[in-house]
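> Sharing a structure here in structure tokens format.
Number of protein chains: 8
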Amino acid sequence: MTLDEITISRAIISDYMHTLLEYMEMDVAIVGGGPSGLVCSALIAEKGYKVGLIEKKLSIGGGMWGGGMMFPRIVVQSEAKRLLERFNITHSEFSPGYYTARSIEAVSKLTTAAVDAGVEFFNLTTVEDVMVKGDGRLSGLVINWQPVEATGLHVDPLTIRCRMIVDATGHDAVIAHYVSKKMGKPDIKGEGTMWADNAESAVVTHTKEVFPGLFVCGMAANAVSGGHRMGPVFGGMFLSGESAAVQILQQL
Amino acid sequence: MTLDEITISRAIISDYMHTLLEYMEMDVAIVGGGPSGLVCSALIAEKGYKVGLIEKKLSIGGGMWGGGMMFPRIVVQSEAKRLLERFNITHSEFSPGYYTARSIEAVSKLTTAAVDAGVEFFNLTTVEDVMVKGDGRLSGLVINWQPVEATGLHVDPLTIRCRMIVDATGHDAVIAHYVSKKMGKPDIKGEGTMWADNAESAVVTHTKEVFPGLFVCGMAANAVSGGHRMGPVFGGMFLSGESAAVQILQQL
Amino acid sequence: MTLDEITISRAIISDYMHTLLEYMEMDVAIVGGGPSGLVCSALIAEKGYKVGLIEKKLSIGGGMWGGGMMFPRIVVQSEAKRLLERFNITHSEFSPGYYTARSIEAVSKLTTAAVDAGVEFFNLTTVEDVMVKGDGRLSGLVINWQPVEATGLHVDPLTIRCRMIVDATGHDAVIAHYVSKKMGKPDIKGEGTMWADNAESAVVTHTKEVFPGLFVCGMAANAVSGGHRMGPVFGGMFLSGESAAVQILQQL
Amino acid sequence: MTLDEITISRAIISDYMHTLLEYMEMDVAIVGGGPSGLVCSALIAEKGYKVGLIEKKLSIGGGMWGGGMMFPRIVVQSEAKRLLERFNITHSEFSPGYYTARSIEAVSKLTTAAVDAGVEFFNLTTVEDVMVKGDGRLSGLVINWQPVEATGLHVDPLTIRCRMIVDATGHDAVIAHYVSKKMGKPDIKGEGTMWADNAESAVVTHTKEVFPGLFVCGMAANAVSGGHRMGPVFGGMFLSGESAAVQILQQL
Amino acid sequence: MTLDEITISRAIISDYMHTLLEYMEMDVAIVGGGPSGLVCSALIAEKGYKVGLIEKKLSIGGGMWGGGMMFPRIVVQSEAKRLLERFNITHSEFSPGYYTARSIEAVSKLTTAAVDAGVEFFNLTTVEDVMVKGDGRLSGLVINWQPVEATGLHVDPLTIRCRMIVDATGHDAVIAHYVSKKMGKPDIKGEGTMWADNAESAVVTHTKEVFPGLFVCGMAANAVSGGHRMGPVFGGMFLSGESAAVQILQQL
Amino acid sequence: MTLDEITISRAIISDYMHTLLEYMEMDVAIVGGGPSGLVCSALIAEKGYKVGLIEKKLSIGGGMWGGGMMFPRIVVQSEAKRLLERFNITHSEFSPGYYTARSIEAVSKLTTAAVDAGVEFFNLTTVEDVMVKGDGRLSGLVINWQPVEATGLHVDPLTIRCRMIVDATGHDAVIAHYVSKKMGKPDIKGEGTMWADNAESAVVTHTKEVFPGLFVCGMAANAVSGGHRMGPVFGGMFLSGESAAVQILQQL
Amino acid sequence: MTLDEITISRAIISDYMHTLLEYMEMDVAIVGGGPSGLVCSALIAEKGYKVGLIEKKLSIGGGMWGGGMMFPRIVVQSEAKRLLERFNITHSEFSPGYYTARSIEAVSKLTTAAVDAGVEFFNLTTVEDVMVKGDGRLSGLVINWQPVEATGLHVDPLTIRCRMIVDATGHDAVIAHYVSKKMGKPDIKGEGTMWADNAESAVVTHTKEVFPGLFVCGMAANAVSGGHRMGPVFGGMFLSGESAAVQILQQL
Amino acid sequence: MTLDEITISRAIISDYMHTLLEYMEMDVAIVGGGPSGLVCSALIAEKGYKVGLIEKKLSIGGGMWGGGMMFPRIVVQSEAKRLLERFNITHSEFSPGYYTARSIEAVSKLTTAAVDAGVEFFNLTTVEDVMVKGDGRLSGLVINWQPVEATGLHVDPLTIRCRMIVDATGHDAVIAHYVSKKMGKPDIKGEGTMWADNAESAVVTHTKEVFPGLFVCGMAANAVSGGHRMGPVFGGMFLSGESAAVQILQQL
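Rendered as structure tokens:
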């Protein structure tokens, strides 16, 4: 057959636009494509819900690509070993209870799992603001292209509607800050000092609904509730994503 | 157990350092983590050779993440359908012979395949120069951290040795340009106009050894040999990566 | 009625997408939304042809908004007075044969005329490359979002097909340069010194088909053929746009 | 006739300078050339008042050019359909009560209407400060060239005098902030969350005189009074501009 | 009396605009407000000719303000001592034949002399191009605001007509380069090494008409003719400016 | 004689160094080379005191070079006409009581007057901090090269000692802010709205010693005491500089 | 012998990595490689303790390289003359009690002394955060590569553990600010005005443990306790570094 | 005693200025403070010649601080072991013939050696141009402050005279390029590929006088003569610096 450039263009536009129109309303929007967001999105989507993951960068994976100080390795402790296994991420024991894995493998396997579970990805997309109407519930996100924001162009955003929203944007807790600034709550305590052990258990405890319709997970959970930092150990991230998924599935 | 931050740090450094020392010499170095480089690296590594993939960005996947004009979809024609299937990438027929796939799934599945085949990844790493000694053969790469280059710091690079090198750096054909500038060949013709049909078949023909020890694949192959551009259709990329792998395996 | 944000989003996406898909193939693509491109596009579209105008900036109007040295006035000489009248642009005689008009009125009236004639606009869109296939005829454009280019993101473009293309990109003659670089012609002579009288007549003479499928008009015509500069006098621009339209209509 | 470059230069300088001198005093200064400012200016000027529109960018139209997320379409609801018709902007019904229009047509038609009503435009002009004298009334604006501000040059501004001033600068409510900072009022509440329905009605209610001599309209009205955001739906913008015009005409 | 802001604005606009209109045609345009340009302009203007000095920076004085390596002192040798005296610049003998002066005094006294001689200054003004018509003579300059150029705004320039033009733009020889690029001559040799003695005498020899209507003086003269550099010794600059004035006065 | 580059270098270094060493202690340091600082410095120095003027830019003259909106003209009202005459600045009456002058002439004549009165200039010099010892009196300035500050280099400053310091740094009132931040006073009220008439008289009233050893003049005086803005009318600036000089001379 | 590039690479990686692993735990971490940090580190390390010096720049030496205003000289008063002698830094008496030295010699001799005492250096390393666990004691630092921070890459840090930490980061008192922000103390008073005499004695008094596990020395000590500035006189810096060493040695 | 800020300032200025005046003429100027320049300067100065080392950065040490890829270690082969010993740089044998050392120790010990040998350092100083007079011999350098160059300020340089000049500026061979561009020679071949063994021996061979008065050493020698690259192995650098010193001492 002969390749036709215009058919290629039409195939891409047509396929994507139908998805975009379809996802103007979804069950759960996950903001942030790092480890906790990926785990959370995969576990909800595999139950058949309509889940969209919104990521401002071109690539998915967040802060996991670079490992620790550009050495592309991560550590996971024994409590989360079962999730490494579930997502088929190769690991080896460094010392009792400490498992190392390759950061790039972890990213690609988690993304693959989310894709296979049915998650739809919206990369290069920023959240500019939130939609809260008279019922006082977070019910949507105001989105735009990231390059529009980066170049400072004056271009209006669009709005999507979601039953639940997960703030998995890491240290910045972007969605929680938007809500806090405009609605007066939740109170955002800010991240504490480095204390990995305390942080790893707290991050799961702090994973919860902090405003009607808004869950926080991963480092965003610790940032909202004043938990500690943890560095390149990712067990808590995985468990936090799982916990958010479990809580949301109970409400859906 | 109680998490110890210092054990986490040591686990990461220790694990990575052994890999880094080990990969100072390798069978094949693939430069560029886009679709052709990923396919090529996976097919060589699965035969048991020591393969390293060097990527300047933090993330792997190259130009495939963004689909066409930020609509995250790609097109693959029927000739390469078998590779979509081999790498387990979901696709649907848009019109006879044209298959669409999600760009993010394609990246994560190809990366996963390369990881599982045993490819070792070196991200945030730039190639500054090439090693050619008295035998006139490309036998190594001069590498540095990408953030060092980006900040203009005056820091010396290190050198790695490889039996074969694949330039999969896309339009820029970075390695071929280094070799051409310093050794007087290969002659680099530059990329032609958009002509998808011609480009897709040419890219496989142009995939070859262009200097002792240096293969080109993907758009780097067309850039060196004056082939045409093709846009967001990726069958030729996959087939070119496969062809480079086949040719290299014959020499190893 | 109650306003629904999601219906608003869907209305915009749906309306635009049908247009975008429809304009993957068009009769004439005008590149550049300055005065000559606007005039040319309006005169062709009013004959019922499918015409798209591609502009890299957010706004249409090119270099006419700022008048001369930020004094928002333009001058038009008597030869082109009839076009001022045709497009309903208020003007007053400064000295015999010299008419002044407001630059902002000129932009908005020309744009309105093009809109009413049926021209479809694609703003924030850059042309990255051209499509020339085996018949040696310029038959399409490779386009991308301007903010993608401005932020240096690695995102593939899409391709559109056109029967005729008009380079109305001004001094830079962008399309003519792409074609010249890859196909070896047309020869681009570069713009001459300021010499308004000579330039105004030459720009009409230089408005022609310079490569199969490619017309140049406005300052791009003078840049290709070595014509002179003219400054903030716009009669020649209008007449050149008209001439390109007449020539193209003869071929369609 | 032979074109003379110097006559062209003199025509532009002379024509503009007379206008500039004349507009050092005007009835109404509208700051911001987006949809509400354009509607407001057109409706006041057509009654014969001396109206100047000050815009910091080179082009007029504000945030309307880019539609929603660079898809150049806008939505207008049924309440404002009569204004689409008044300004001759083509529209089609997407679903009951929702009309789509082309953003570029909307800009050019509104600008054309303002021009034809007699509005004088001052583009590339920033407002640096306000003039409030002993009577505690906003009676003038301190202006400068935008490129002077953008390059950080130390160049003094000039002052213009106006009977009424309209802050149509959008989310930033620039003039209201200057007045608030120096005079202690009005209190500026800041913009609320996305809630299109509420926002569209509130923006008209919030359109009022917030300080002697200062009216706010468009998103600046919502920003001052704590109204909600609305996204790319423009009926409220048009109605707010109309309301400001009506109120001002009652005072003039 | 009571000060009126609007009268102040009108006074400035009106006074400047009359000058600007008047200087659209002048006898001699000096481009560059460094020492040679200032001397040249003062000596021509004091004979009653209409002289305009065009300077791209906000301030006049060029490279003389900073002395040598930010030590604000200059040196003048005995040959040019009479010009120090003529312009009333305080100096003291450092060693036989070498006089030191304060760079800031030198700038302010030379500018004062030019002002008093009747030179009109156009600061913040760049030259974008030159006007050469059918007689092959440089007869005008294409000018724009420097902040427009610095911000990359697309705004058309204006044109001024002059009987003679002096390129006093220093090392860059801006006007000579424009003419050379478009007219094929003069040939520009580029500046030689540092050799103060040779440079000081050569700069006077190289001060001449290098294209019909174009004189070069100061370091621009050495740059065109391949003369040497000289550093912070300014006798040659003064004498070159004087020589250009003498030659031009003979032709006027 | 033959010019010797090394003698030139030595002459500059030697001459400047003696001055620099000598001015480590001075009677009065004026910070800021705009109109009020220049007038003040000239009037004190002509009485025989050791006065240094410190300016961060390369050129002297501050905000006066650009006139109003880059039209290089200034206005002076009748009260200050005698200072125009004293400094020999050409002026013409625009309307009763309003005199226009050329901004470039004003700068060069005021600078010349200061030079001739014996003021020593230190350009490209920033003030980083202030010296206040146990007696609670401002007794010195901490200075550095402006390019060191601009490039963010970590280089220590030097200190100079002065009996009196004048803050003539304009709107920013740099020295008053340093003192206020570290010593708790003076209280800085910030500049008011534009109100030229009120501002012109207030600026003279506000010219005073605001902290032991620190005088403010020009716009810095209005910024400290909450006076109004005035725009490009300079009579108040001149009178304020004169007033500061008179008050300081009484204390010296 | 023949040089082998790969052995060179392996030698560097292997040698450094062993050191890096070893220094994940150390006795004392000094942050900041300026004069007080160098003195402090040398005096502790020579007692046999494991000391690491962390510096964000590529080079060691901090603000001492540039002397005063880029004149590469420093001054040391008589009280610290014995430390100049101890570190073998050439000096000469300028006036009684004031010794001048070359800044570059001072840096290289202090660094040499630290190296010879056994200090290990980690340059290009930033501290991102601190580790404080349940015992409320500062027990570690969270570090990253400086180029990672400079390029804004999202890459996780690593953590090191230390018995004592010295904040020798100068005016910014970086570590004290991290601790203060997250733990509520120490209270940071900020630096006072220039007052060299007072500052020089205060800096030694202010050198102390300000939080369990955290000492401050050099300008960081004055910044925390509200001491004065001193400029390019370094006796106090040396004595402060010595005092911190003495106090820490008492606790180790 | 009581510290006096002004005496401190005077001590620094006075001490430095005498040095600066003295070094306007010197025996040998070394440009570039990396390893070869430091070795060369130390070996010449210790024979009693007047040697100045000019370095554009704030710190001395060039590319050695960062080791290889930010791992602060260097390798030296057995041929240059004696120079490690001579300069007292600690080293350990990694494998037969390969010695590792700490990069920071190497910098500080070499700098210390140069200081002790009597080399005078001029940091933050760039070379803008060269002085070649009628005898065709390189006899001086045109220098300026690096921050002046970095901020693009228009400030004249000064000139220094030297009997011999060493280009030790590394890959860029800055001085050789200036001379080549203006004098037509030496021919500059550019650096070859990585080939450490060949490069290490070639760099000593290529260390020679390439133009009357100009020696090249270190990587500048290989860059001029087309030698190979070598990476973070420094034996050749040390030996090249030594060789340049030996050759120059023979001519002095």
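Protein chains in written order, with this note's numbering: chain A, 0 to 251; chain B, 0 to 251; chain C, 0 to 251; chain D, 0 to 251; chain E, 0 to 251; chain F, 0 to 251; chain G, 0 to 251; chain H, 0 to 251.
Think of the CB as a built atom: it goes at the ideal place given N, C-alpha and C, for glycine as much as any other residue.
Counting only Cβ pairs nearer than 8 Å, list the residues of chain G close to A:Met68.
On the first sequence, position 69 is the one that residue 68 of chain A refers to. Ile142, Asn143, Trp144, Val147, Val154, Asp155, Pro156 and Leu157, listed in chain order.
> Does A:Leu253 pass the burial test, meaning 16 or more other C-beta atoms within 10 Å, or should it be called exposed?
Nothing about residue 253 of chain A can be read from this structure; chain A reaches only from 0 to 251.
> Since G:Val202 is in the alpha helix (DSSP H), which residue starts that stretch and which ends it?
Within the seventh sequence, the letter at position 203 stands for residue 202 of chain G. From DSSP, the alpha helix (DSSP H) with G:Val202 extends over Ala195 to Thr204.
> So is G:Glu92 buried or exposed if we call it buried at 16+ other beta carbons inside 10 Å?
Within the seventh sequence, numbered from 1, the residue matching residue 92 of chain G stands at position 93. That one is exposed.
> In the DSSP assignment, the beta strand (DSSP E) including F:Leu152 goes from what residue to what residue?
Sequence index remark: in the sixth sequence, residue 152 of chain F carries index 153 (1-based). Taken as a continuous stretch (DSSP letters only), F:Leu152 belongs to no beta strand (DSSP E), as it is neither H nor E.
> Using a Cβ-Cβ cut-off of 7 Å (strictly less than) and excluding sequence neighbours within five positions of C:Ser224, which residues of its own chain qualify?
Along the third sequence, read from residue 1 onward, the residue named residue 224 of chain C stands at position 225. Around C:Ser224: Lys188 and His205.
> Chain C partners of E:Lys207, CB-CB under 9 Å?
Within the fifth sequence, numbered from 1, the residue matching residue 207 of chain E stands at position 208. Those within 9 Å of E:Lys207 in chain C number zero; the least Cβ separation is about 22 Å.
> Tell me which same chain residues have a C-beta within less than 6 Å of the C-beta of E:Met162, skipping the five on either side of it?
Taking the first residue of the fifth sequence as position 1, residue 162 of chain E is located at position 163. Sequence inspection shows Arg at residue 162 of chain E; the Met mentioned does not correspond to that position. Excluding residues within five positions, the ones whose Cβ falls inside 6 Å are Asp26.
> How should A:Gly66 be labelled, buried or exposed, when 16 other C-beta atoms within 10 angstroms of its C-beta is the threshold for buried?
Position 67 of the first sequence holds residue 66 of chain A. Answer is buried; the Cβ neighbour count reaches 16.
> How many angstroms separate the CA atom of F:Pro156 from the CA atom of F:Lys55?
Residue mapping note: residue 156 of chain F aligns to position 157 of the sixth sequence, counting from 1. Residue mapping note: residue 55 of chain F aligns to position 56 of the sixth sequence, counting from 1. Each residue's alpha carbon lies about 14 Å from the other.
> At a Cβ cut of 8 Å, what residues of the stretch 4-31 of chain C count as close to chain A, listed as they run along the chain?
Answer in chain order: Glu4, Ile5, Ile7, Ser8, Arg9, Ile11, Ile12, Ser13, Met16, Leu19, Leu20, Met23 and Glu24.
> State the Cα-Cα distance for the pair D:Phe70 and A:Met193, rounded to the nearest angstrom.
As a working note, residue 70 of chain D is residue 71 in the fourth sequence. As a working note, residue 193 of chain A is residue 194 in the first sequence. Cα-Cα distance, rounded: 45 Å.
> Which stretch, first to last residue, makes up the beta strand (DSSP E) that contains G:Val30?
Residue numbering aside, residue 30 of chain G sits at position 31 when the seventh sequence is read from its first letter. Run containing G:Val30: Glu24 to Val30, per the beta strand (DSSP E) assignment.
> Would E:Arg81 be called buried (16 or more neighbouring beta carbons within 10 Å of its own) or exposed?
The residue labelled residue 81 of chain E in the question sits at position 82 within the fifth sequence. With fewer than 16 other Cβ atoms within 10 Å, it is exposed.
> According to the neighbour-count rule (16 or more other Cβ atoms, all chains shown, within 10 Å of its Cβ), is G:Gly47 buried or exposed?
For the purposes of this step, residue 47 of chain G is identified with residue 48 of the seventh sequence, where counting begins at 1. With fewer than 16 Cβ atoms within 10 Å of its Cβ, G:Gly47 is classed as exposed.
> Pull up the distance between the alpha-carbon of G:Cys216 and that of G:Phe86, whole angstroms please.
The sequence position of residue 216 of chain G within the seventh sequence is 217, counting from 1. The sequence position of residue 86 of chain G within the seventh sequence is 87, counting from 1. The alpha-carbon atoms of G:Cys216 and G:Phe86 are separated by roughly 19 Å.
> Give the residues from the stretch 119-143 of chain F that approach chain G closer than 8 Å (Cβ to any Cβ), ordered along the chain.
The stretch 119-143 of chain F vs chain G, Cβ under 8 Å: Asp128, Val129, Met130, Val131, Lys132, Gly133, Gly139, Val141, Ile142 and Asn143.
> Give me the subset of the stretch 170-189 of chain G whose CB atoms are less than 9 Å from a CB atom of chain A, sorted by chain position.
Answer in chain order: Tyr177, Val178, Lys180, Lys181 and Met182.
> Which chain E residues sit within Cβ distance under 9 Å of D:Thr150?
The residue given as residue 150 of chain D occupies position 151 in the fourth sequence. By Cβ distance, chain E contributes Gln145, Pro146, Ala149 and Thr150.
> In angstroms with no decimal places, state the Cα-to-Cα distance between H:Ser138 and B:Lys132.
For this step, residue 138 of chain H is matched to residue 139 along the eighth sequence. For this step, residue 132 of chain B is matched to residue 133 along the second sequence. The straight-line gap from Cα to Cα measures roughly 39 Å.
> Give the range of the beta strand (DSSP E) segment to which G:Arg72 is assigned.
Residue mapping note: residue 72 of chain G aligns to position 73 of the seventh sequence, counting from 1. First-last of the beta strand (DSSP E) with G:Arg72: Arg72 to Gln76.
> For A:Pro185 versus A:Gly135, is the C-beta spacing smaller than 9 Å?
For the purposes of this step, residue 185 of chain A is taken as residue 186 along the first sequence, with counting starting at 1. For the purposes of this step, residue 135 of chain A is taken as residue 136 along the first sequence, with counting starting at 1. In this structure, A:Gly135 does not lie closer than 9 Å to A:Pro185 by Cβ.
> What's the gap between the Cα of H:Val50 and the Cα of H:Val245?
Along the eighth sequence, read from residue 1 onward, the residue named residue 50 of chain H stands at position 51. Along the eighth sequence, read from residue 1 onward, the residue named residue 245 of chain H stands at position 246. Cα to Cα, H:Val50 sits roughly 14 Å from H:Val245.
> Could you name the residues of the same chain whose beta carbon sits closer than 6 Å to that of B:Val75, not counting the 5 residues immediately before and after it, in chain order?
Residue 75 of chain B sits at position 76 when you count from the first residue of the second sequence. Excluding positions up to five away in sequence, the list reads Leu83, Tyr98, Phe233 and Gly234.
> Measuring alpha carbon to alpha carbon, tell me which residue in A:Ala44, A:Glu24, A:His17 and A:Arg228 is nearest B:Asp3.
Sequence index remark: in the second sequence, residue 3 of chain B carries index 4 (1-based). When each option's Cα is compared against that of B:Asp3, the closest is A:Arg228.
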